[in-house]
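Below: the structure, in C-alpha coordinates.
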Amino acid sequence: MAKKRGIGIGAMYYGIGYGFNRADIGSAAIEMAEDGTTTIYSGACDMGQGVMTIIAQVAAEGIGIRPEMIRVVAADTGSTPDAGPTSGSRATFVQGVAVQKAAEDMREQILRMAAEMRACRKEELRARVGQIYKTGEEIPVLSVARVANEIHRLGRRCQSWGWHDNTTKDVDPETSQGDAYATYGWATQLAEVEVDTETGQVKVLRIVSATDAGKAINPMAVEGQIQGGAAMGMGYALYEQHILEQGIPRTGSLAFYLVPTSMDVPEIECEIVEVPDPKGPFGAKGVAEPATIPTTPAILNAIYDAIGVRITETPATPERVYLAIQEAKARGEFIE
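As C-alpha coordinates, then:
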(Lines of atoms letter the chains of each structure in order from A and count residues from 1; the text may use other names and numbers.)
(Lines give C-alpha, C1' and ligand atoms only; values in the text may rest on other atoms or scores of the structure.)
Protein backbone atom coordinates (compact mmCIF):
# COMPACT_ATOMS: atom_id res chain seq x y z
CA MET A 1 0.00 0.00 0.00
CA ALA A 2 1.27 3.45 -0.89
CA LYS A 3 -0.52 5.14 1.99
CA LYS A 4 -0.38 4.15 5.62
CA ARG A 5 -2.09 5.59 8.67
CA GLY A 6 -0.85 5.94 12.22
CA ILE A 7 -1.78 7.47 15.55
CA GLY A 8 0.61 9.22 17.93
CA ILE A 9 0.44 10.89 21.32
CA GLY A 10 2.40 13.79 22.75
CA ALA A 11 2.24 14.97 26.36
CA MET A 12 3.89 17.81 28.24
CA TYR A 13 3.96 20.01 31.29
CA TYR A 14 4.99 23.64 31.20
CA GLY A 15 5.92 26.19 33.84
CA ILE A 16 3.51 29.14 33.72
CA GLY A 17 5.21 32.53 33.99
CA TYR A 18 8.93 33.18 34.25
CA GLY A 19 10.03 31.14 37.24
CA PHE A 20 13.58 30.59 38.52
CA ASN A 21 13.55 33.73 40.70
CA ARG A 22 12.98 36.06 37.74
CA ALA A 23 10.73 39.06 38.50
CA ASP A 24 7.19 38.24 37.39
CA ILE A 25 4.95 41.21 38.23
CA GLY A 26 1.48 42.27 37.17
CA SER A 27 -0.28 45.56 37.94
CA ALA A 28 -3.51 47.23 36.90
CA ALA A 29 -5.64 50.28 37.65
CA ILE A 30 -9.41 50.69 37.51
CA GLU A 31 -11.46 53.87 37.33
CA MET A 32 -15.25 54.06 37.48
CA ALA A 33 -17.09 57.05 36.03
CA GLU A 34 -20.20 58.72 37.43
CA ASP A 35 -22.51 56.56 35.31
CA GLY A 36 -20.83 53.32 36.37
CA THR A 37 -18.89 52.76 33.16
CA THR A 38 -15.50 51.38 34.11
CA THR A 39 -12.06 51.63 32.53
CA ILE A 40 -9.36 49.03 33.15
CA TYR A 41 -5.77 50.15 32.62
CA SER A 42 -3.69 47.07 31.91
CA GLY A 43 -0.21 46.75 30.46
CA ALA A 44 -0.81 43.23 29.14
CA CYS A 45 -0.66 43.20 25.34
CA ASP A 46 -3.33 41.37 23.37
CA MET A 47 -1.72 39.64 20.40
CA GLY A 48 -4.87 37.80 19.41
CA GLN A 49 -4.99 35.45 22.39
CA GLY A 50 -7.90 37.36 23.94
CA VAL A 51 -6.36 38.71 27.15
CA MET A 52 -8.34 41.97 26.88
CA THR A 53 -11.58 39.99 26.93
CA ILE A 54 -10.37 37.92 29.88
CA ILE A 55 -9.36 41.05 31.80
CA ALA A 56 -12.78 42.60 31.20
CA GLN A 57 -14.51 39.43 32.41
CA VAL A 58 -12.30 39.13 35.50
CA ALA A 59 -12.93 42.79 36.37
CA ALA A 60 -16.68 42.50 35.82
CA GLU A 61 -16.90 39.45 38.06
CA GLY A 62 -14.67 41.00 40.71
CA ILE A 63 -16.56 44.30 40.86
CA GLY A 64 -20.03 42.90 40.31
CA ILE A 65 -20.96 44.69 37.09
CA ARG A 66 -21.79 43.64 33.54
CA PRO A 67 -18.85 43.15 31.11
CA GLU A 68 -20.40 45.59 28.65
CA MET A 69 -19.88 48.36 31.24
CA ILE A 70 -16.10 47.89 30.90
CA ARG A 71 -13.57 49.44 28.57
CA VAL A 72 -9.99 48.14 28.53
CA VAL A 73 -7.03 50.40 27.83
CA ALA A 74 -4.14 48.07 27.08
CA ALA A 75 -0.39 48.36 26.59
CA ASP A 76 -0.24 52.16 26.56
CA THR A 77 2.94 53.29 28.29
CA GLY A 78 1.40 56.72 28.81
CA SER A 79 -1.51 55.47 30.89
CA THR A 80 -1.18 51.80 31.86
CA PRO A 81 0.95 50.45 34.72
CA ASP A 82 3.63 47.98 33.71
CA ALA A 83 2.45 44.38 33.51
CA GLY A 84 5.62 42.85 32.09
CA PRO A 85 5.89 41.14 28.71
CA THR A 86 3.08 39.04 27.29
CA SER A 87 4.94 35.74 27.14
CA GLY A 88 5.40 32.52 29.06
CA SER A 89 1.62 31.91 29.12
CA ARG A 90 1.56 34.44 31.97
CA ALA A 91 -0.92 37.15 30.90
CA THR A 92 -4.08 35.55 32.31
CA PHE A 93 -2.33 33.95 35.28
CA VAL A 94 -0.32 36.97 36.46
CA GLN A 95 -2.09 40.04 35.10
CA GLY A 96 -5.46 38.42 35.72
CA VAL A 97 -4.74 38.30 39.46
CA ALA A 98 -3.64 41.95 39.46
CA VAL A 99 -6.92 42.92 37.79
CA GLN A 100 -8.88 40.71 40.18
CA LYS A 101 -7.28 42.45 43.18
CA ALA A 102 -8.03 45.89 41.73
CA ALA A 103 -11.61 44.81 41.01
CA GLU A 104 -12.14 43.51 44.53
CA ASP A 105 -10.81 46.79 45.94
CA MET A 106 -13.25 48.70 43.70
CA ARG A 107 -16.11 46.49 44.87
CA GLU A 108 -15.23 47.22 48.50
CA GLN A 109 -15.35 50.96 47.80
CA ILE A 110 -18.75 50.61 46.15
CA LEU A 111 -20.16 48.52 48.97
CA ARG A 112 -18.84 50.89 51.65
CA MET A 113 -20.56 53.85 50.01
CA ALA A 114 -23.74 51.82 49.42
CA ALA A 115 -23.77 50.91 53.12
CA GLU A 116 -23.56 54.60 54.02
CA MET A 117 -26.36 55.43 51.61
CA ARG A 118 -28.63 52.71 52.99
CA ALA A 119 -27.54 53.00 56.66
CA CYS A 120 -26.54 49.37 56.97
CA ARG A 121 -23.38 47.31 57.35
CA LYS A 122 -21.21 46.69 54.33
CA GLU A 123 -21.21 42.98 55.12
CA GLU A 124 -24.96 42.89 54.46
CA LEU A 125 -24.52 43.92 50.82
CA ARG A 126 -23.32 42.25 47.65
CA ALA A 127 -22.81 43.52 44.11
CA ARG A 128 -23.99 41.54 41.11
CA VAL A 129 -24.39 42.48 37.42
CA GLY A 130 -24.49 46.19 38.17
CA GLN A 131 -26.88 46.10 41.10
CA ILE A 132 -26.48 46.16 44.89
CA TYR A 133 -28.46 43.59 46.86
CA LYS A 134 -28.93 42.87 50.51
CA THR A 135 -27.81 39.35 51.32
CA GLY A 136 -30.70 36.94 50.92
CA GLU A 137 -32.84 39.41 48.95
CA GLU A 138 -33.44 39.43 45.21
CA ILE A 139 -34.65 43.02 44.83
CA PRO A 140 -31.77 45.50 44.42
CA VAL A 141 -31.50 48.38 46.87
CA LEU A 142 -29.22 50.49 44.65
CA SER A 143 -27.48 50.36 41.30
CA VAL A 144 -23.69 50.44 41.09
CA ALA A 145 -24.02 53.48 38.82
CA ARG A 146 -26.02 55.33 41.49
CA VAL A 147 -23.34 54.58 44.07
CA ALA A 148 -20.54 55.68 41.72
CA ASN A 149 -22.42 58.90 41.08
CA GLU A 150 -22.61 59.58 44.81
CA ILE A 151 -18.87 58.97 45.23
CA HIS A 152 -18.14 61.54 42.54
CA ARG A 153 -20.71 63.98 43.95
CA LEU A 154 -18.78 63.95 47.21
CA GLY A 155 -15.62 64.98 45.33
CA ARG A 156 -13.92 61.61 45.52
CA ARG A 157 -12.38 59.63 42.67
CA CYS A 158 -13.59 56.10 42.20
CA GLN A 159 -10.23 54.40 41.59
CA SER A 160 -8.41 51.25 42.61
CA TRP A 161 -5.09 49.53 42.02
CA GLY A 162 -4.02 45.93 41.90
CA TRP A 163 -0.50 44.53 42.12
CA HIS A 164 0.55 40.90 41.98
CA ASP A 165 3.98 39.32 42.48
CA ASN A 166 4.24 35.90 40.87
CA THR A 167 8.01 35.69 41.36
CA THR A 168 9.27 32.37 42.66
CA LYS A 169 11.93 32.99 45.28
CA ASP A 170 13.14 29.61 46.54
CA VAL A 171 15.23 28.26 43.65
CA ASP A 172 18.84 27.66 44.69
CA PRO A 173 21.01 29.50 42.10
CA GLU A 174 23.82 26.98 42.63
CA THR A 175 21.83 23.78 42.16
CA SER A 176 18.70 25.09 40.37
CA GLN A 177 16.71 23.02 42.85
CA GLY A 178 13.47 24.30 44.37
CA ASP A 179 9.96 25.28 43.33
CA ALA A 180 10.82 26.72 39.91
CA TYR A 181 7.35 27.96 38.93
CA ALA A 182 4.24 29.09 40.75
CA THR A 183 2.15 26.62 38.77
CA TYR A 184 2.30 24.35 35.72
CA GLY A 185 0.14 23.71 32.69
CA TRP A 186 -0.50 20.19 31.39
CA ALA A 187 -1.59 18.99 27.97
CA THR A 188 -1.85 15.82 25.93
CA GLN A 189 -2.55 15.61 22.21
CA LEU A 190 -3.37 12.80 19.83
CA ALA A 191 -2.64 13.04 16.11
CA GLU A 192 -3.78 10.77 13.30
CA VAL A 193 -1.76 10.96 10.06
CA GLU A 194 -1.63 9.41 6.64
CA VAL A 195 1.80 8.87 5.07
CA ASP A 196 2.30 8.35 1.34
CA THR A 197 5.24 5.93 1.27
CA GLU A 198 5.93 6.65 -2.41
CA THR A 199 6.32 10.42 -1.99
CA GLY A 200 6.91 10.94 1.74
CA GLN A 201 3.96 13.30 1.94
CA VAL A 202 2.33 13.45 5.40
CA LYS A 203 -1.29 14.48 5.84
CA VAL A 204 -2.66 15.17 9.30
CA LEU A 205 -6.19 13.79 9.48
CA ARG A 206 -7.18 14.67 13.02
CA ILE A 207 -5.88 16.24 16.21
CA VAL A 208 -7.42 15.78 19.64
CA SER A 209 -6.14 18.05 22.41
CA ALA A 210 -6.79 17.82 26.15
CA THR A 211 -5.47 20.97 27.83
CA ASP A 212 -5.43 22.00 31.47
CA ALA A 213 -6.89 25.52 31.69
CA GLY A 214 -7.33 25.68 35.45
CA LYS A 215 -10.71 27.39 35.05
CA ALA A 216 -11.81 28.46 31.57
CA ILE A 217 -12.99 32.04 32.10
CA ASN A 218 -13.91 32.23 28.42
CA PRO A 219 -14.23 28.71 27.00
CA MET A 220 -14.54 29.94 23.41
CA ALA A 221 -11.27 31.88 23.70
CA VAL A 222 -9.55 28.89 25.33
CA GLU A 223 -10.73 26.65 22.50
CA GLY A 224 -9.42 29.18 19.98
CA GLN A 225 -6.02 29.19 21.67
CA ILE A 226 -5.89 25.40 21.69
CA GLN A 227 -6.75 25.22 17.99
CA GLY A 228 -4.27 27.95 17.10
CA GLY A 229 -1.57 26.33 19.22
CA ALA A 230 -2.10 22.95 17.58
CA ALA A 231 -1.93 24.55 14.13
CA MET A 232 1.38 26.18 15.10
CA GLY A 233 2.70 22.87 16.41
CA MET A 234 1.69 21.25 13.13
CA GLY A 235 3.76 23.88 11.33
CA TYR A 236 6.81 23.04 13.43
CA ALA A 237 6.31 19.34 12.73
CA LEU A 238 5.82 19.42 8.95
CA TYR A 239 6.52 22.77 7.34
CA GLU A 240 8.54 25.47 9.09
CA GLN A 241 12.31 25.69 8.71
CA HIS A 242 14.67 28.63 8.64
CA ILE A 243 17.38 28.08 6.05
CA LEU A 244 20.63 30.04 6.07
CA GLU A 245 23.22 29.85 3.31
CA GLN A 246 26.51 31.58 4.17
CA GLY A 247 24.62 33.71 6.67
CA ILE A 248 21.94 34.75 4.16
CA PRO A 249 18.32 33.80 4.95
CA ARG A 250 16.74 31.81 2.13
CA THR A 251 13.32 31.55 3.67
CA GLY A 252 12.50 35.23 4.08
CA SER A 253 8.90 35.11 2.92
CA LEU A 254 5.90 32.82 3.19
CA ALA A 255 6.62 31.65 -0.34
CA PHE A 256 9.62 29.77 1.09
CA TYR A 257 8.96 29.64 4.84
CA LEU A 258 5.90 27.42 4.74
CA VAL A 259 3.14 27.43 7.36
CA PRO A 260 -0.05 25.37 7.50
CA THR A 261 -3.04 26.90 5.76
CA SER A 262 -6.74 26.25 6.25
CA MET A 263 -6.37 23.54 3.59
CA ASP A 264 -3.80 21.72 5.71
CA VAL A 265 -5.12 22.02 9.27
CA PRO A 266 -7.54 19.20 10.08
CA GLU A 267 -10.41 19.09 12.52
CA ILE A 268 -9.04 19.86 16.00
CA GLU A 269 -11.09 18.48 18.85
CA CYS A 270 -10.63 20.41 22.08
CA GLU A 271 -11.10 18.97 25.53
CA ILE A 272 -10.77 21.70 28.15
CA VAL A 273 -9.69 20.14 31.44
CA GLU A 274 -10.71 22.29 34.41
CA VAL A 275 -8.94 21.88 37.73
CA PRO A 276 -9.08 25.37 39.30
CA ASP A 277 -5.68 26.68 40.37
CA PRO A 278 -5.85 28.54 43.70
CA LYS A 279 -3.12 30.93 42.57
CA GLY A 280 -4.88 32.06 39.38
CA PRO A 281 -7.72 34.53 38.80
CA PHE A 282 -10.89 32.61 39.69
CA GLY A 283 -8.79 29.45 39.22
CA ALA A 284 -7.57 30.19 35.67
CA LYS A 285 -4.09 29.77 34.20
CA GLY A 286 -2.46 30.20 30.81
CA VAL A 287 -2.90 27.74 27.94
CA ALA A 288 -0.91 29.30 25.08
CA GLU A 289 2.36 27.35 24.96
CA PRO A 290 0.82 24.21 26.50
CA ALA A 291 -1.51 24.05 23.49
CA THR A 292 1.44 24.18 21.06
CA ILE A 293 4.15 21.99 22.56
CA PRO A 294 2.61 18.46 22.34
CA THR A 295 1.61 18.67 18.66
CA THR A 296 4.99 18.02 17.07
CA PRO A 297 5.83 14.89 19.11
CA ALA A 298 2.27 13.62 18.58
CA ILE A 299 2.64 13.95 14.80
CA LEU A 300 6.14 12.42 14.72
CA ASN A 301 4.95 9.51 16.84
CA ALA A 302 2.01 9.05 14.47
CA ILE A 303 4.40 8.92 11.51
CA TYR A 304 6.40 6.23 13.30
CA ASP A 305 3.21 4.31 14.04
CA ALA A 306 2.29 4.48 10.35
CA ILE A 307 5.59 3.47 8.72
CA GLY A 308 7.78 2.13 11.54
CA VAL A 309 10.51 4.67 10.83
CA ARG A 310 11.60 7.39 13.26
CA ILE A 311 11.93 10.92 11.91
CA THR A 312 14.53 12.60 14.11
CA GLU A 313 14.73 16.01 12.46
CA THR A 314 11.98 18.55 11.98
CA PRO A 315 10.20 19.52 9.91
CA ALA A 316 9.22 16.11 8.58
CA THR A 317 9.19 17.24 4.96
CA PRO A 318 8.25 14.81 2.18
CA GLU A 319 11.93 14.60 1.20
CA ARG A 320 13.05 13.67 4.72
CA VAL A 321 10.27 11.13 5.17
CA TYR A 322 10.92 9.59 1.74
CA LEU A 323 14.68 9.31 2.36
CA ALA A 324 14.08 7.81 5.82
CA ILE A 325 11.85 5.17 4.22
CA GLN A 326 14.46 4.39 1.55
CA GLU A 327 17.21 4.08 4.18
CA ALA A 328 15.00 1.75 6.22
CA LYS A 329 14.35 -0.33 3.12
CA ALA A 330 18.09 -0.57 2.44
CA ARG A 331 18.58 -1.88 5.99
CA GLY A 332 15.72 -4.32 5.52
CA GLU A 333 13.75 -2.62 8.30
CA PHE A 334 10.79 -1.26 6.33
CA ILE A 335 7.65 -3.37 6.13
CA GLU A 336 5.57 -2.75 2.99
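Numbering (our numbering), first residue to last: 121 to 456. A virtual CB, placed ideally from N, CA and C, is assigned to each residue, including glycine.
- The beta carbon of M132 sits closer than 7 Å to those of A307, P410, I413, P414, all from its chain and outside the five residues before and after it, given in chain order.
- For C278, the number of other beta carbons within 10 angstroms of its own is at least 16, and it is reported as buried.
- Annotated three-state conformation of T434 is coil, per DSSP.
- Excluding sequence positions up to five before and after E453, its CB lies within less than 8 Å of the CB of G428, V429, all in the same chain and listed in chain order.
- Considering only F140, E151, I127, P435, the residue with the shortest C-alpha distance to N269 is E151.
- In summary, R227 is buried, with 16 or more beta-carbon neighbours lying within 10 Å of its beta-carbon over all protein chains present.
- In the DSSP annotation of this structure, the continuous segment of the beta strand (DSSP E) that includes H284 starts and ends at 279-285.
- In chain order, A122, K123 place their CB closer than 7 Å to the CB of D316, counting only its own chain and leaving out the 5 sequence neighbours on each side.
- Only residues of its own chain outside the window of five on either side were considered, and among them D144, G208 have a CB closer than 6 Å to the CB of Y138, listed in chain order.
- Distance from I392 to T331 at the Cβ level is roughly 6 Å; contact confirmed, criterion being Cβ atoms closer than 8 Å.
- Close CB contacts of A422 within its chain, under the 7 Å cut and outside five residues either way in sequence, are with G126, I127, G128, A311, E312, V313 (chain order).
- V178 is the residue among V178, P386, I160, I183 whose C-alpha sits nearest the C-alpha of G400.
- Taking C-alpha positions only, V379 is separated from V291 by approximately 38 Å.
- Annotation for A265: D155, G156 place their beta carbon closer than 6 Å to its own, counting only its chain and skipping 5 residues before and after.
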